[in-house]
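Below is one structure; the comments refer to it alone.
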Amino acid sequence: MTPQHAQAAFKSGNDLYSDCTTPRGSSTYYQADGYCTGFVMGVYDDFDLSRQLEDKEACLPGGVTAGQLRDVVVAFIRDNPKWRNLDASALIRAAIIDAWPSCK
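First residue of the sequence shown? That's 1 in full-length UniProt numbering, and the numbers climb one at a time after it.
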């Protein structure tokens, strides 16, 4: 799946990747780590709601944790640097769909 190009994103993949990979011990680590996890979970919650209302684009197994979602998103952004300039929300959705494809 390729994330769709979005106009002037509030937060790009570069921004999110920077927050999610802030070194432990940095003076901004806890703020950046909390922001990263919160952003990923917020997009996931929106994604999950739309999934319940429409056709399922992804099929997550029960018990997936916030930490696992965060790790999947960070790995996806790390492994797809050509898309980091795109909207972070689109990248999160793409990461979820890539990791857990449709149950159809």
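Just so it is clear, CB atoms sit at the ideal spot from N, CA and C, and this is done for glycine as well.
Report task. Could you pull out every residue in the same chain whose Cβ sits closer than 6 Å to the Cβ of C20, ignoring the five residues on either side in sequence? Result -> C36, V74
Requested in this report: Check whether the region 85–99 touches the region 21–33, taking contact to mean three or more Cβ pairs, one atom from each stretch, closer than 8 Å.
Outcome: no
Report task. Could you round the C-beta distance between K11 and F39 to whole angstroms and report it? I think they count as a contact, below 8 Å. Result -> 7 Å
Query raised in the report: Less than 7 Å separating the beta-carbons of I92 and V43?
Result: yes
Query raised in the report: Which class does P101 belong to by DSSP, given the choice of helix, strand or coil?
Result: strand
Query raised in the report: Starting from C20 and walking both ways along the alpha helix (DSSP H), at which residues does that stretch end?
Result: C20: member of the alpha helix (DSSP H) spanning 13–20, first to last residue.
Query raised in the report: So what does D87 bridge to, in DSSP terms?
Result: S12
Query raised in the report: Does the beta-carbon of S102 have 16 or more other beta-carbons within 10 angstroms, so that it is buried, or is it exposed?
Result: exposed
**Report entry** Euclidean distance between Cα positions of A66 and D45
**Finding:** When rounded, the distance between both Cα atoms is 11 Å.
Requested in this report: Identify the continuous alpha helix (DSSP H) that holds A75 and give its terminal residues.
Outcome: 66–79
Requested in this report: Would you grab the beta carbon distance between G13 and R84 for me? Rounded to a whole angstrom, and I think it's under 8 Å.
Outcome: 4 Å
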